[in-house]
Every structure is written in C-alpha cells, then in structure tokens.
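Let me begin by presenting the structure, written as structure tokens, before commenting on it.
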Amino acid sequence: MLHRRDLLVTSAAALLAGPARAATPDPWAEAAAIVARIRPPAFPDRDFPIDRYGADREAVADSSAAIAQAIAECHAAGGGRVVVPPGDWVTGPIHLKSNVNLHVSEGATLRFKTDPKAYLPVVFTRWEGVELMNYSPFIYAFECENIAITGKGVLDGQCSREHWWTWKGPWKQNQHGWAEGMPNQRPARAKLFQMAEDRVPVPERVFGEGGYLRPPFIQPYRCTNVLIEGVSLRRSPFWQVHPVLCRNVTIRGLDINSHGPNNDGIDPESCRDLLIEDCFLSTGDDCIAVNSGRNEDGRRLATPSENIVIRNCRMADGHGGLTVGSQISGHARNIFAETCRLDSPDLDHAIRFKNNALRGGVVENCYFRDLTVGQVRKAVVTVDFNYEEGARGRFTPVLRNVVVERVTSGRSARVADLQGFPNAPIYDLSLKDCRFDGVAEPSIVKNVRGLKLQGVTVNGRAARSLA
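Residue numbers for the sequence shown follow the numbering used here, beginning at 408 and rising by one.
The following block contains the structure:
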C-alpha cells in the first residue's frame, strides 16, 4: 500500500526558500535516469475472460457484476489478466485490485452506463485538485499495487449533451447542451472549495447525487506500479486519465479523443516518476496538464508532481498541449518533454503554465526540446499568473528555470505570452535554437527576470528580444 508520506519529499517551506536548485550540466541525463527506473508492472500468465462469468457480448445486459467477479478472482489467485474479449459490453464503474491487468482486446468496446446512480456509492477521490467523497471514476483503483489497463480496445464513456456534460453549467455559449434552469455544478463546486479552505475532514465532504460534480474517466489513487497502455478513450465525463498520488507510472500508446467540457487528456496530480509516451491527444481542454492540488487542499497534502517525462506524443485540439497547472499548490519540478508534435487551429498554446495568487506553488526545472509545432491559435509559450483569480490571493506563484530548446513553429499569433506579477516575476526562462515562423503579433513580456534568447529566429530574422 502506498502511503502519502512515501511521496512527501520536501516541504513547502523548503521549496520556497532560496534560489532554484542548480541545474545539472546536462539535465536530460536526469530525464534518462527517471525513465530507466520506471518499470511497468508484470503479471502472472493467467487469464480471466469476463464472458466466463456471464458478461453479455451484445451490450444488452449489464456486465458490471461479471467484471467485478473476474477482478476479484484474478486478485485472489495472485494476479493476471481480466480479459474483455472482442464485442460490445456495457458496464458501470470498474474497481481494480492489486496485481490485476484489465485487458481490453482489439475489437472490444466497453460502454459505460449513462445513469449517474450507477456510480454510487461515493468513493474517496479528487476533483479539480480537492479531495472529497464523490461519484466513482469510471475505472478506479485505490491504494493498489501492480495494476494495468491494456489492449487495443475502446473505452466509451457515452457522455454527451444528454448525459453528464450539461452538468458543467453555463460555459462557452453552452455548446454542450446546458440551458437556463438546468442543474449545474457551480453550487457544489463552491461548497467543496470552501470546505477545503476550512479544513473540513475529507470523509465529511460528501457529494455525489445532487452535486453534479462529474467523475474522471480513469483514476488510480495512491497506487504504485501503474501501466495504462494502448486503449482508446472516447466521450469522457470529465478529466480522462488522472493518476493521483501515484508512483512509478507508465502511460503509453493511448488514443484520446474526447471534446466535452474539461475533457483534459492526461492529468498526473501529485505523482512521482511518471512516463507518458507515444500518445495521441485531441481534447476539450488541456491535452496534458501536470497538477498537484488546489489551494488549501494542495498545501495540506504538500505533495509535488515531480520526475515526469513526456515524449513522442502528438497533440491536436486543446487549450494547452504541454501544460503545468493550474491546480499546482503542491508544487511541481523536474518535468521533461521532448520529440512531440503539436498542430491544430483549435490548439491554443503549445507550452502553457497556469497559476495565480490564490493557488501559489513553486514550479521549477522544466525542460522542453525538439518540439514541432505546426500551428497554434495563440502563443507557442505561455506563462499566465493571471489565470482565473489572478492577483486576488495571498500566495506567491513561483516559476523558475524553464528551458525551451530546438522548437520550431509554423504559425502562431505570438511566440510568447509571459505574464508574471511585479512581486512574483518569472525567473530564468531560456529559448535556445528555436525557429518561429508565421508569427502575427509581437510577444507579451511582463515581469520576467532572466529571459535569455540564443539562436532564436522569428519570421526569418534573428531575435535579440521578444519585446
């Protein structure tokens, strides 16, 4: 069992004190070391096909009980694969156990029930960076070791304008179906955030039915040795792949294509030693967003996201491609992204940092190299301390030691939109050997100290500054 103290590597005070840790001569050697120590779990050569337990291949009858029985027997036997054979299968929430690999075969589609009552009773979960008791994630694991979701099959949340998405409430011309008079998440969201500020114990933060807080699609919580590989995700209710307080995580070869509200693709939160590679992401929010808890709840847990490597991914639609924040109150450091392609007229930013004075948190030692950006709608590199609440708060957002190297871009409104605070500037951001073409407007640079350009061209001309 993974305990929170195992992940608590440094206190908030230690992170905030003094300058950033000195960078190594080759920080990418550290990235290689991170990847070398991440080991996907291995499983005994035993299969537990769900049709053996009465699951319905025609998606007429509910297969939830059959899947749960297969998982229980696999776990009791010491582990193996719970196999979803080719066919259509309907299910409610799936709760994994240690040493179980849920294998969704090519040609198989798991369709998740659209009735929210199916995702009760409530479970211990995290929603927008705050712990609570809420609807079960569609696939959930709590304090497990050696778990996996693999295969070439499809996980279909069946969410739509009729199911789940309207709970977002008024948002972006209500293109997801909400209309005046319909219920929405806003009252419960405000209540949850206030409970967190008041340090109400998590077991007393009970939501679920009547709260309209949509659950994530896949959420391993306080788990060690996690593999999520190969599957396709469609029509998610909320955040799609959301490991929380996990260690030693591999996310590989996913096809994520869901455009509902807050349909972030992959959101590691307060995780350590995590590899994301060879994934395709086209989303209704950020493609990949590194988080570590929101406001007082993030400070309470004080567990950073650290030692994260992202490589060989493709990103299409989304708000941000490679994003850190905004639920970042528990801090983040040692984030590496390389050899990714980001390209869509509906992708706002390629590299994006989000924070504000209500969240606070230290983000440091972030390295990006060999990124190919076809086009983005706004800026290639964005740092926004004015996100949502902006300067309305008493905590200091910190961003320092960011290196962007060998990035090419074909079209964007700006190269950069960098907005720190006068009392909290952005520190030590370097652009090296980058080429930005098709740039329409000057960059925005406010409250930045230590901005360095080396070998940077903008629209074919050498750039000595971004101002």
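Heads up, the beta-carbon is just placed ideally off N, CA and C, and yes, glycines get one too. Every value quoted in this text rests on a predicted model; they were computed, and no experiment measured them.
Quiz item: So who's on the other strand from residue 502, going by DSSP bridges?
Solution: 547
Practice problem: Whole angstroms is fine: what's the gap from residue 553's alpha carbon to residue 505's? | Solution: 6 angstroms
Quiz item: Cβ of residue 512 within 8 angstroms of Cβ of residue 491?
Solution: yes
Quiz prompt | Nonlocal neighbours in the same chain, by C-beta distance under 7 angstroms from residue 440, ignoring five residues either side | solution = none
Quiz item: Around the Cβ of residue 822, are there at least 16 other Cβ atoms within 10 angstroms (buried) or fewer (exposed)?
Solution: buried
Quiz item: Apart from the five residues on each side of it in sequence, which residues of its chain come closer than 8 angstroms, Cβ to Cβ, to residue 429?
Solution: Here residue 429 scores only 49 on pLDDT, less than 50, and its place in the model is too uncertain to base an answer on.
Quiz item: So, are the CB atoms of residue 549 and residue 609 less than 8 angstroms apart?
Solution: no
Quiz prompt | Every unbroken beta strand (DSSP E) within the segment 691-724, with a cutoff of 3 residues, ordered by chain | solution = 695-697, 712-718
Quiz item: Start and end of the alpha helix (DSSP H) containing residue 686?
Solution: Counting along the chain, residue 686 falls outside any alpha helix (DSSP H), and DSSP gives it neither H nor E.
Quiz prompt | Presumed contact (8 angstroms Cβ cut-off) between residue 497 and residue 469, rounded CB distance | solution = 6 angstroms
Self-check item: Alpha-carbon spacing of residue 495 relative to residue 519, whole angstroms
Solution: 11 angstroms
Quiz item: What residue from 507, 842, 847, 828 has the CA that sits closest to residue 856's CA?
Solution: 828
Quiz item: If you run the structure through DSSP and keep just helix, strand and coil, what is residue 581?
Solution: helix
Quiz item: Looking only at C-alpha atoms, which of 842, 545, 690, 484 sits nearest to residue 454?
Solution: The candidate whose alpha carbon is nearest that of residue 454 is 484.
Quiz item: Which residue spans inside the segment 430-479 form an unbroken alpha helix (DSSP H) run of at least 4?
Solution: 434-444
Self-check item: Which residues DSSP lists as bridging residue 526, in chain order
Solution: Note: residue 526 is not bridge-paired with any residue in the DSSP secondary-structure output.
Quiz prompt | Alpha carbon of residue 607 to alpha carbon of residue 874, nearest angstrom | solution = 46 angstroms
Quiz item: With 16 other CB atoms within 10 Å as the buried threshold, where does residue 579 fall?
Solution: exposed
Self-check item: residue 786 versus residue 477 - alpha carbon distance
Solution: 48 angstroms
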